[in-house]
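Numbering (the UniProt record's numbering), first residue to last: 1 to 492.
Below you'll find the structure, written out as structure tokens, and then a few comments.
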DNA sequence: AGCACA
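Given below as structure tokens:
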């Protein structure tokens with residue numbers, strides 16, 4: 001019996017399936033492009049590209065049949081055809097019920113993540129920002145960025161698949177907080193899957209690749225002159241000599257910016273040794289001293305032109321200072337020497353260590369440890385309450401030694417597993433003592449990004465970093481926002 | 001432009 005029914009030739013030849021067959025695809029169409037097209041209708045759990053003799057067909061599998069139906073129905077009645085790269089794509093239900101084979105959209109756990117950035121150009125997300133974001137979940141070994149047809153992508157290598165999985169779970173679909181992005185970028189959603197790689201080969205430290213396990217790796221010449229990845233702001237000039245001390249000017253200061261806020265922000269990029277704040281030209285300025293020039297460079301690149309608070313408030317402008325070592329005579333709310341906490345109002349405390357034991361000699365090998373990120377990562381979206389409201393208590397014996405010795409990265413599993421918020425105590429025992437512990441650096445009423453500090457990355461759709469509605473200013477905006485007891489700057 | 005060789 002030949003084609004009396006004659007159906008299989010036509011458009012809706014097959015009954016609905018959560019697998020769609022797509023054809024007339026552009027050359028070397030990627031999984032990411034397919035997902036981009038299908039995403040409005042549901043979640044693509046698997047795909048296979050480059051199918052057929054012309055390699056221009058593909059299969060996508062939705063997690064749910066209704067999602068596939070909605071996509072087919074939509075394009076059946078749409079005046080605009082489905083398109084990829086401007087090319088019309090024809091789609092129909094597949095005669096299969098699941099996509100076989102292929103890189104299962106990266107569901108095989110790996111210690112390396114493939115990150116696709118949505119809505120940004122290659123230069124918009126610096127490798128330092130990536131490092132910052134992913135370090136919230138564990139020690140990042142290597143990062144490599146590249147551009148393909150799917151857009152700007154990165155491979156981020158962790159030590160083990162579990163750590164990578166926690167980062168993926170937490171960040172997939174989230175957006176990088178705007179204060180880490182150039183102003184023209186509205187949002188930068190992340191799509192994360194597991195890579196097939198296990199160990200990236202990074203030959204140079206450059207603007208597109210880093211190996212954080214090997215600080216002695218040569219720096220690529222190409223990275224030297226292309227300072228563009230750091231210059232997120234409009235200033236393309238790199239005339240001023242680099243320094244370990246940054247001069248920060250704060251523009252549009254509607255909210256209080258305390259020394260603790262600055263410490264929290266800048267500590268994400270390395271060890272902050274000293275901070276001094278002062279008034280200049282009716283504005284607030286601060287000198288932030290890092291232990292290392294490279295930390296200052298990274299911080300400058302990542303933060304220049306960004307606002308501390310949502311809404312364009314407290315915009316940072318950073319320049320290299322000519323200072324290399326600030327002289328802080330007292331620890332107060334305008335100046336702080338984090339390498340010598342026995343100054344100023346800490347002086348009443350008995351000094352537990354002799355001067356020889358103070359930092360410097362004992363500072364372990366300078367490695368890119370973000371003290372703010374060495375903290376345990378717990379579940380995303382936990383209330384940001386644990387401990388930060390605690391007023392900075394006077395230091396107790398032993399805290400100085402914690403400052404002097406900063407342990408290498410400790411895996412988050414050691415503290416926070418099973419999604420329970422680490423208690424303040426547990427954190428304290430892990431990394432005790434102010435002000436090494438960033439939780440102690442916040443004043444009451446001074447909302448600091450603790451969730452970020454604790455490895456609860458802010459990349460949460462509902463997370464508003466330093467947003468106005470979360471922020472409870474201690475003082476009304478206006479000229480009187482600074483604490484009344486802000487004495488004269490004690491640095492020189 | 002019409003259904004996949006790990």
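A virtual CB, placed ideally from N, CA and C, is assigned to each residue, including glycine.
Computed from a prediction, not measured in an experiment: that's the story for all the values here.
Whole-number beta carbon distance between residue j and residue i, since they are thought to touch under 8 Å
| i | j | result |
| --- | --- | --- |
| residue 245 | residue 135 | Residue 245 to residue 135, Cβ: 23 Å. No contact. |
| residue 132 | residue 302 | 7 Å |
| residue 259 | residue 333 | 6 Å |
| residue 306 | residue 180 | 7 Å |
| residue 93 | residue 15 | 7 Å |
| residue 90 | residue 168 | With a Cβ gap of about 33 Å, residue 90 and residue 168 do not count as contacting. |
| residue 323 | residue 304 | Incorrect: roughly 18 Å between the Cβ atoms, too far for contact. |
| residue 84 | residue 37 | 6 Å |
| residue 273 | residue 289 | 5 Å |
Close Cβ partners of residue i (< 6 Å) along its chain, the five nearest in sequence each way excluded
| i | result |
| --- | --- |
| residue 262 | 275, 286 |
| residue 235 | Annotation note: pLDDT 44 at residue 235 (below 50); position unreliable, coordinate value reported separately. Counting only Cβ-Cβ distances below 6 Å, and skipping sequence neighbours, we find nothing. |
| residue 35 | 44 |
| residue 118 | 189 |
| residue 204 | 218, 220 |
| residue 81 | 88 |
| residue 5 | Residue confidence for residue 5 is low, a pLDDT of 45 falling below 50, so the modelled location carries little weight; the figure read from the coordinates is stated next. So the list is empty, once near-sequence residues are dropped. |
| residue 266 | 272, 288, 299 |
| residue 172 | 192 |
| residue 494 | Residue 494 is absent from the model: the chain starts at 1 and stops at 492. |
| residue 281 | none |
| residue 178 | none |
Residues bridged to residue i (per DSSP)
| i | result |
| --- | --- |
| residue 92 | 21 |
| residue 260 | Answer is none; residue 260 lacks a bridge partner. |
| residue 145 | 154 |
| residue 192 | 115 |
| residue 253 | Residue 253 pairs with nothing; no bridge assigned. |
| residue 307 | 315 |
| residue 62 | 44 |
| residue 283 | 280 |
| residue 247 | 287, 319 |
| residue 57 | 51 |
| residue 84 | 87 |
| residue 275 | 288, 336 |
| residue 175 | 189 |
Cβ pair residue i, residue j closer than 8 Å
| i | j | result |
| --- | --- | --- |
| residue 308 | residue 283 | no |
| residue 163 | residue 123 | no |
| residue 127 | residue 43 | no |
| residue 152 | residue 120 | yes |
| residue 315 | residue 210 | no |
| residue 200 | residue 144 | yes |
| residue 33 | residue 150 | yes |
| residue 257 | residue 212 | no |
| residue 242 | residue 198 | no |
| residue 161 | residue 109 | yes |
| residue 240 | residue 299 | no |
Other residues of its chain near residue i: CB distance less than 7 Å, five sequence neighbours each side excluded
| i | result |
| --- | --- |
| residue 51 | 57, 58, 59 |
| residue 48 | 58, 59, 99, 101, 102 |
| residue 294 | none |
| residue 184 | none |
| residue 328 | 274, 276, 335, 336, 337, 343, 490, 491 |
| residue 252 | 312, 313, 314, 315 |
| residue 95 | 14 |
Contacts around residue i, its chain only, beta-carbon distance under 8 Å, and the 5 residues preceding and following it disregarded
| i | result |
| --- | --- |
| residue 18 | 61, 62, 63, 64, 65, 67, 68, 97, 98 |
| residue 292 | 244, 270, 271, 366 |
| residue 206 | 219, 220, 222, 223 |
| residue 279 | 285 |
| residue 147 | 122, 153 |
| residue 195 | 106, 110, 112, 113, 114, 155 |
Meets three-Cβ-pair contact criterion under 8 Å: the stretch 50-63 and the stretch 74-81: At 8 Å Cβ cutoff, the stretches do not touch.
The stretch 148-165 / the stretch 111-121 touching (three or more Cβ pairs under 8 Å): Between the stretch 148-165 and the stretch 111-121 there are three or more C-beta pairs closer than 8 Å, enough to call the two in contact.
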